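Visitor: Here it is, the structure in full.
Protein chains: 2
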Amino acid sequence: MTQFSVIGKRMPRVDGFDKVTGKAVYGTDIKLPRMLVGKILRSPLPHARILHIDTSLAKRLPGVKAVLTGLDTPQIKFGFFKHQDHKFGDCHPLKCDKVRCIGDEVAAVAAVDEDIAQEALGLIKVDYEELPPVFDPEDALKPGAPLVHEEAGSNLLTTINIVSGDVDAAFARASVVVEDSFRTQPVHPCCLEPKQAVADFSPAGTLTFYSSTQMPFFMRRDLADTVGLEESKVRVIKTTMGGHFGSRMEMHPLDPICALLSQAAGRPVRIVYTREEDFTASRFRHPMTLRLKMGASRDGKLLATDMKVTLDSGAYCSQALGVANVIGTNALLIYPLPNLRYVSDIVYTNNPYGGSFRGYGNPQGTFAVEAVIDTLAEELGLYPLELRRRNAWKSGDVSILRQVMTSCGFDQCLDEVTKRCRWDGKSSRAGQGSGLAGFLHVGGGARVHGNNDGCGAWVKVEDNGGVTLITGAQEIGQGGNTILSQIVAEELGVPLASIKVQNTDTDTMPWDLGCHASRTTFVGGNAALAAAKEAKAQLLEAAAAKLEASVGDLLIQEGKIFVAGSPERCLTIAEAAHAHHYRQGGSSVIGKAFYDPPSEEPRKGIGNRSAAYAFGFQAAELSVDGETGQVDIQKMVAAHDLGRAINPMLAEGQLEGAVVQGMGYALMEELTFDSGKIANASFADYALPSALDIPSQEIVLVESIDPQGPFGAKGLGESGLVPTAPAIANAVYAATGVRIKELPLTPEKVFNAIKRKG
Amino acid sequence: MTQFSVIGKRMPRVDGFDKVTGKAVYGTDIKLPRMLVGKILRSPLPHARILHIDTSLAKRLPGVKAVLTGLDTPQIKFGFFKHQDHKFGDCHPLKCDKVRCIGDEVAAVAAVDEDIAQEALGLIKVDYEELPPVFDPEDALKPGAPLVHEEAGSNLLTTINIVSGDVDAAFARASVVVEDSFRTQPVHPCCLEPKQAVADFSPAGTLTFYSSTQMPFFMRRDLADTVGLEESKVRVIKTTMGGHFGSRMEMHPLDPICALLSQAAGRPVRIVYTREEDFTASRFRHPMTLRLKMGASRDGKLLATDMKVTLDSGAYCSQALGVANVIGTNALLIYPLPNLRYVSDIVYTNNPYGGSFRGYGNPQGTFAVEAVIDTLAEELGLYPLELRRRNAWKSGDVSILRQVMTSCGFDQCLDEVTKRCRWDGKSSRAGQGSGLAGFLHVGGGARVHGNNDGCGAWVKVEDNGGVTLITGAQEIGQGGNTILSQIVAEELGVPLASIKVQNTDTDTMPWDLGCHASRTTFVGGNAALAAAKEAKAQLLEAAAAKLEASVGDLLIQEGKIFVAGSPERCLTIAEAAHAHHYRQGGSSVIGKAFYDPPSEEPRKGIGNRSAAYAFGFQAAELSVDGETGQVDIQKMVAAHDLGRAINPMLAEGQLEGAVVQGMGYALMEELTFDSGKIANASFADYALPSALDIPSQEIVLVESIDPQGPFGAKGLGESGLVPTAPAIANAVYAATGVRIKELPLTPEKVFNAIKRKG
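Chains as they are written, first to last, in my numbering: chain G, 110 to 867; chain W, 110 to 867.
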């Protein structure tokens, strides 16, 4: 077995010291000379035509340096429609013609201080003509429904179809068929750092943009497109992130508005959302209704799945297409399956609009699938875990959508969670029970953005032995910099403390797609590893010359290069780097790599989009108070196949947090919409799990050692919350015999269901 | 003849807009949270033992956050002795044992504001025991002289010897021998931006250091060594420079003091020199006495040179060794010569100490050599220009010190200056005259720092067609970023506006030796060019595949790649970069290069230290008022061989400024020392040329097209002032018949000399 020095060790985060001492630079720490405060005037109406905006009073207020409406801007739409080769983006930074949801951006001001900016907003008069709104996606699809985007001709944004095999024939020969409907709620990522941005236009027409974005290069592209600049004139600098959970994956209207204000005022401008704005005007997990039918043979082999999803996209598209896709390609394939049909209607309404949030559709889809799997097991007279065991992924399997399971810890994860919970027969129904759910997620990137899913990395080894990894792969709070540092340190044989990471500036770092789809460890890690290998080759070459040995005879460990068998013939890394550099024709040691994983871009859902896949199971052991409907979780168990645990402590922390986030999704969180208005846009009104809600957790890291992963590792960032809600719902069913099909499982719903059941 | 799109064009500086609009970030624009003001207490005595320093009162002053003396610091010496493999550096950041010159750093404070810091300095009590000082280098070498550094055992810091050929035999057979003595004065670079630094220690023990240094990587190394940190814990960020002229080539005591204050206070600290401090405590051009003997044959061929220099190094070594070396290897070889002896005594005194300043010894040496050349011509009965013509360098020549003249515009430069001035016979001596002087300088780097003179560069071509050059080569006000951008733009066939340069951060840029020895265009330019070539190859490869053509058939121009003969078959650079990137296994376009010039490290002065050499002549046409001794320059002509003018406008500007700086050296500038105290440490007292002093200038750029230079270019940064003073002195001799052998040629000296002559 390989002996590692740094990999697999429980090492503290490399950025921890700066974070706990307040030294880390967050967006709100950026202070630029003459910087103004920007603020946005938002629509109070869910659907209305803008007849006129009078900004004259606001412009006259002393201290106001810029007032913008859509008419003052290039009026370029942005959004994911455009970037997936559709004809148009569907969102203006500032709305010109009409508003489509409460919170839509109507005007913006930049002023010398917060109070003046706020006062200026109050001086802007907007004449609206109210239009009939539509809030329910089913209603929105009816003939004659008010159109959210007239130019689209329909509120049906698009329908996604993924089909493989002959689903109808398979159902015809199935011994058991279960069909059911589910509903999931919108939940908010609740980042502690509210959305913010600082835009700094130079007189020469270049833009420096400070943003807590997960995707600096996409932010650069989208910002340039929307503000009407050549992209080469834009520089994006990523600030330290106070949480993101996927929600900072795309440009928000705030971003181009901030840039346009800076351009108009000729001064730097900062916009920071209030907590209420952050709830109201940033993205959340999409609400959906899911109708699911699954069939199995008598011996418990799954034969077919048919799912129909209606996704409420709200007023704009944002990431609805990608989110809907993930359900068809991941949630429907938690277990191998020969026939699959997936249809998803994505519907415009006048609700606020969702976007990307950790799991990206998979939590919604998995909630439905894992409920139906439990019901199928019951119908077949099998323990839930037994049905799952009979439908296990094995390493080397290829799914009907062509996903290749290069490494697979399915069985081991299932074993680990089942042996850690009490299982009292099929279902105890005595107020106490355990439930189980699995997931399938991408673990090796996701080739969905224009056919490159790569990452660039440079490893610079200085004459002093210090190593800098310069990469596009991002640290967004998940521990990316620590993992990447461990990979480079291990490969170069140097201590972790020798490694610095630089990855915040689009000007100085190589391209990376961005941080999403749990790809940093796998894709960014492979890029860093390849660059480290190239640097190491240079070091060994120099050391071989100096030590009069052949490269093949050299070993590298703990910062030293030595001749195998003669450890006294050695050089430090610093000495080797110096020898490579300080000679006629020498050069400083730099490895350069670009890693694009061996995945393929899917067409109509079919294609091996990821170079590896993540598997796992979670189980909940809980009791339900029949008098109140209150669910009390005693224990959560999570066993995840992460390929290799580069840093077990970070992996456990990531899973613990995700499980808690999943518990919030399962039991208490919900953005409540009241005629298009978010009724609980504050931490006082929006219920999140607190420290008191967190049960005992057992985290099991299953190492399947992926053949393509860096040191065998796969992605882990999102999957921790995907199976949490269905595991809890299955446990509630086990404890009570009632199946709640709408998230969250509030005491009220549980109590009513128990009462209904009698 | 090659047709260039960008090279050879008079293009405005790429950083000009930011500079004239105030957007450029200078050191004093850096504002960090909780930043303190640092101030330094300096010695009022030229030589004294420190008996005791009482900081107790200063420490008790509210608002004071740190007070340091040498005893509170690691007491690590720095200086050029150490880094050239000598036994010790000779300078402590804060002096512990004794002070060796007025201005020596004795204690330092950091406080919440400037006033408190100043008040705290006044509360520090230092008990000194005065020691006898020595100010004259000749006195310092006498037995029994007070020792500036007791541990050195002598005030003779070192003696430099460079010998080639048989000098004595050559003099014996010479027909004419001239011997004379000269004295040059200390002059100050007078950067408009006073020296400053910002140090920011993180709680994790890493140091970010903002500095207007020319040598970010050497600053990093020296700072780490002196503060007692691992170098990998230090990050140097170069701020925009408000002038440097070589004076920011080395670490000053201010730099480690600033870092130590930040470490002690646990907060960022900024030190900004007052103008008086900048005069008193930063480096200036070394004063010297030079005894020079030259011999020639009857037909005017130079046979031998013998020079003895005594260099007043002041209290510490700084760059005295390098400066003295340059005289022997450059000034003595303005003309080919078969026999050479050069001896230079470098002497400690209790004067303030000099350092690096544009020309780096060459102006002092050239002043002596070009005077003696004129005298030799007179003795031989030749016109000054005729003697020079008989001793011309030709392309391909190799000097006795092994310098290889790969390209040489000597003759053309001589022709250009002589035809642009009136020459009234040998010497008019009627108050009106013209004078001439040449120079030899390095033009292709200078391999003098540990046997690597290289530069790293990466060229990143984005999918949007934007190009970023990331390089260690520096912009220090000389126009480096413009020249490097032009080189990359030309090679890639894109407009200059497509290029950005990033070169301020030791973490994110590749290594470069730093900006000195006129090396940026040649060394940095070759690195940038090689990286651009690699990026271009990637673009052409992608374009060839897309256009179904072979790479050899493709041309690249104005941002487009097209098939030769079929311009309609074309791609933009952005499209080619996109095609290279957005495909399975693709990668973003990045060229990486490290260029180390084909020079050699000299031993005892012998070795081809530079990959190319710069030649040139200047002439002055002037009149002298016999009643006042006032010199009135009518015209300065400067013809410089710069290989190729990448940007003629910048080259002309650089030469015009240098000639004015040379005129200041020739006619008015002098730091006057009064018992070790600089008596004119202000712009009110130190005479610099003003706009009114600037005569008509004719600048001629001679293009010898160096075979190794990027597009044929060589260095030009320093040479512009090297021959100015001797050309003026020779013209004064032509006008008056008096030869002034001590700089500057003040009216008083000229008048007295004329009077003496009678």
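Using N, Cα and C, we set each Cβ at its ideal position, and we do this for glycine too.
Everything numeric in this text was worked out from a predicted model, so none of it was measured.
How is W/H195 classed by DSSP in three states: helix, strand or coil?
Guide: Here the question's residue 195 of chain W lines up with position 86 in the second sequence. Note that W/H195 scores 45 on pLDDT, short of 50, meaning its location in the model is unreliable; the coordinates nonetheless yield the value given after this. Assignment of W/H195 by DSSP, reduced to helix, strand and coil, places it in the coil class.
Visitor: Just to confirm my understanding: we take W/S284, look at its own chain, exclude 5 residues before and 5 after, and list those with CB closer than 6 Å. What are they?
Guide: Counting from 1 along the second sequence, the entry for residue 284 of chain W is found at position 175. Excluding positions up to five away in sequence, the list reads S406 and R407.
Visitor: Could you tell me whether any non-hydrogen atom of the ligand NAP is closer than 6 Å to the CB of W/I380?
Guide: For the ligand NAP, the structure offers nothing, since it holds no ligand at all.
Visitor: Looking at the C-beta of G/F280, does it have a partner C-beta in chain W at a distance below 7 Å?
Guide: Along the first sequence, read from residue 1 onward, the residue named residue 280 of chain G stands at position 171. Answer no: the Cβ-Cβ gap between G/F280 and chain W never drops below 7 Å.
Visitor: Can you give the Cα-Cα distance for G/S697 and W/K701, rounded to whole angstroms?
Guide: Mapped onto the first sequence, residue 697 of chain G falls at position 588. Mapped onto the second sequence, residue 701 of chain W falls at position 592. Computed Cα separation, rounded: 12 Å.
Visitor: Give me the Cα-Cα distance between G/D415 and G/V551, rounded to the nearest whole angstrom.
Guide: Counting from 1 along the first sequence, the entry for residue 415 of chain G is found at position 306. Counting from 1 along the first sequence, the entry for residue 551 of chain G is found at position 442. Near 21 Å, if we compare the C-alpha coordinates of G/V551 and G/D415.
Visitor: Apply the 10 Å Cβ neighbour rule to W/P853 and answer buried if 16 or more other Cβ atoms are within range, or exposed otherwise.
Guide: Residue 853 of chain W sits at position 744 when you count from the first residue of the second sequence. Buried, by the Cβ-count rule.
Visitor: For W/C624 and G/V129, what's the separation of their Cα atoms in angstroms?
Guide: Locating residue 624 of chain W in the second sequence gives position 515, counting from the first residue. Locating residue 129 of chain G in the first sequence gives position 20, counting from the first residue. Computed Cα separation, rounded: 38 Å.
Visitor: Check whether the Cβ of W/D364 lies closer than 7 Å to any Cβ atom in chain G.
Guide: Here the question's residue 364 of chain W lines up with position 255 in the second sequence. So no, W/D364 is outside the interface.
Visitor: If you follow the alpha helix (DSSP H) that G/L649 is part of, which residue opens it and which one closes it?
Guide: Within the first sequence, numbered from 1, the residue matching residue 649 of chain G stands at position 540. Unbroken alpha helix (DSSP H) run through G/L649: G634 to L656.
Visitor: To the nearest whole angstrom, what separates the beta carbons of W/A729 and W/I837, a pair I think is in contact under 8 Å?
Guide: Counting from 1 along the second sequence, the entry for residue 729 of chain W is found at position 620. Counting from 1 along the second sequence, the entry for residue 837 of chain W is found at position 728. Right, their Cβ atoms sit about 5 Å apart.
Visitor: Cutting at 7 Å between CB atoms, please list the residues of its own chain near W/E857, excluding the five before and the five after it.
Guide: Against the second sequence, residue 857 of chain W aligns to sequence position 748. Counting only Cβ-Cβ distances below 7 Å, and skipping sequence neighbours, we find G738.
Visitor: With 7 Å as the threshold, decide whether the Cβ of G/H690 is near any Cβ in chain W.
Guide: The residue you call residue 690 of chain G lines up with position 581 of the first sequence. Answer yes: the Cβ-Cβ gap between G/H690 and chain W drops below 7 Å somewhere.
Visitor: Please classify G/G470 as buried or exposed, where buried requires at least 16 other C-beta atoms within 10 Å of its C-beta.
Guide: Sequence index remark: in the first sequence, residue 470 of chain G carries index 361 (1-based). Result: buried.
Visitor: Tell me whether the stretch 238-251 of chain W and the stretch 177-191 of chain W touch, counting them as touching only if at least three CB pairs, one residue from each stretch, are closer than 8 Å.
Guide: no
Visitor: Under the assumption that G/I159 contacts G/V208 (Cβ atoms under 8 Å), give the Cβ distance between them as a whole number of angstroms.
Guide: Start at 1 with the first residue of the first sequence, and residue 159 of chain G comes out as number 50. Start at 1 with the first residue of the first sequence, and residue 208 of chain G comes out as number 99. The C-beta distance from G/I159 to G/V208 rounds to 7 Å, short enough to meet the 8 Å contact threshold.
Visitor: Inspect the CB distances between the stretch 379-393 of chain W and the stretch 328-337 of chain W and report whether three or more fall short of 8 Å.
Guide: No: fewer than three Cβ pairs fall under 8 Å.
Visitor: Looking only at DSSP bridge pairs, what is G/L455 linked to?
Guide: As a working mapping, residue 455 of chain G is identified with position 346 in the first sequence. Here residue 455 of chain G is Ile; the residue named in the question, Leu, does not match the sequence. The partner list for G/I455 (beta bridge, DSSP) reads G/T267 and G/L420.
Visitor: Go through its chain and collect everything with a Cβ distance to G/S791's Cβ below 8 Å, but skip five positions before and after it.
Guide: Stepping through the first sequence from its first residue, residue 791 of chain G is reached at position 682. Closer than 8 Å at Cβ, skipping near neighbours: R384, E385 and F388.
Visitor: Can we say the stretch 418-438 of chain G touches the stretch 457-466 of chain G, given the rule of at least three CB pairs closer than 8 Å?
Guide: yes
Visitor: Give the range of the alpha helix (DSSP H) segment to which W/R498 is assigned.
Guide: Taking the first residue of the second sequence as position 1, residue 498 of chain W is located at position 389. Here the alpha helix (DSSP H) through W/R498 covers P493 to R499.
Visitor: Does the beta carbon of G/D194 sit closer than 7 Å to a beta carbon anywhere in chain W?
Guide: Position 85 of the first sequence, counted from the first residue, corresponds to residue 194 of chain G. Only weak support exists for where G/D194 lies, its pLDDT of 47 falling under 50; the value from the coordinates is given anyway. Output row for G/D194: interface = no.
Visitor: Looking at chain W, is there any beta carbon in it that lies within less than 7 Å of the beta carbon of G/N560?
Guide: Along the first sequence, read from residue 1 onward, the residue named residue 560 of chain G stands at position 451. Chain W, which has a Cβ nearer than 7 Å to the Cβ of G/N560, makes this yes.
Visitor: Checking contacts by CB at 7 Å: is W/F703 closer than that to chain G?
Guide: Counting from 1 along the second sequence, the entry for residue 703 of chain W is found at position 594. Closer than 7 Å to some Cβ of chain G, the Cβ of W/F703 qualifies, so yes.
Visitor: Check each candidate in W/F393, W/L399 and W/L316 and name the one with the smallest Cα separation from W/D364.
Guide: As a position in the second sequence, residue 364 of chain W is number 255, starting the count at 1. Closest in C-alpha terms to W/D364, from the list W/F393, W/L399 and W/L316, comes W/L316.
Visitor: Would you say G/W620 lies against chain W (beta-carbon separation less than 7 Å)?
Guide: Here residue 620 of chain G refers to the residue found at position 511 when the first sequence is read from its first residue. Closer than 7 Å to some Cβ of chain W, the Cβ of G/W620 qualifies, so yes.
Visitor: Of all the CB atoms in chain W, is at least one closer than 7 Å to the CB of G/E340?
Guide: Residue mapping note: residue 340 of chain G aligns to position 231 of the first sequence, counting from 1. It does; some Cβ of chain W falls within 7 Å.
Visitor: For the alpha helix (DSSP H) containing W/H687, name the first residue and the last one.
Guide: Against the second sequence, residue 687 of chain W aligns to sequence position 578. Where W/H687 is concerned, the enclosing alpha helix (DSSP H) stretches over I682 to H690.
Visitor: Report the three-state DSSP secondary structure of G/L854 (helix, strand or coil).
Guide: As a working note, residue 854 of chain G is residue 745 in the first sequence. DSSP places G/L854 in coil when its eight states are reduced to three.
Visitor: For the alpha helix (DSSP H) containing W/R151, list its first residue and its last residue.
Guide: Counting from one through the second sequence, the residue named residue 151 of chain W turns up at place 42. Element bounds for W/R151: not the alpha helix (DSSP H) but the beta strand (DSSP E), L145 to R151.
Visitor: Quick check on DSSP: helix, strand or coil for W/A308?
Guide: Counted from its first residue, the second sequence places residue 308 of chain W at position 199. Strand at W/A308.
Visitor: Among residues of its own chain, excluding the 5 on either side of W/P798, which ones have a beta-carbon nearer than 6 Å to its beta-carbon?
Guide: The count along the second sequence starts at 1 and reaches residue 798 of chain W at position 689. These residues qualify, in order along the chain: V769, M772 and G773.
Visitor: Could you work out which residues of chain W lie near G/T617, taking near to mean beta carbons separated by less than 8 Å?
Guide: Walking along the first sequence from the start, residue 617 of chain G turns up at place 508. Chain W residues near G/T617: T577, I579, Q611, D614, T617 and M618.
Visitor: In angstroms with no decimal places, state the Cα-to-Cα distance between G/D222 and G/I380.
Guide: Stepping through the first sequence from its first residue, residue 222 of chain G is reached at position 113. Stepping through the first sequence from its first residue, residue 380 of chain G is reached at position 271. Using only the alpha carbons, I get a separation of about 11 Å.
Visitor: Determine, for G/K327, whether the minimum Cβ-Cβ distance to residues of chain W falls below 7 Å.
Guide: As a first step, residue 327 of chain G must be located in the first sequence, where it is residue number 218. Before going further, note that residue 327 of chain G is Phe rather than Lys in the sequence given. No - not a single Cβ of chain W is within 7 Å of the one on G/F327.
Visitor: Tell me the DSSP bridge mates of W/I665?
Guide: Numbered from its first residue, the second sequence carries residue 665 of chain W at position 556. In the DSSP output, where bridge partners are listed per residue, W/I665 has W/I670.
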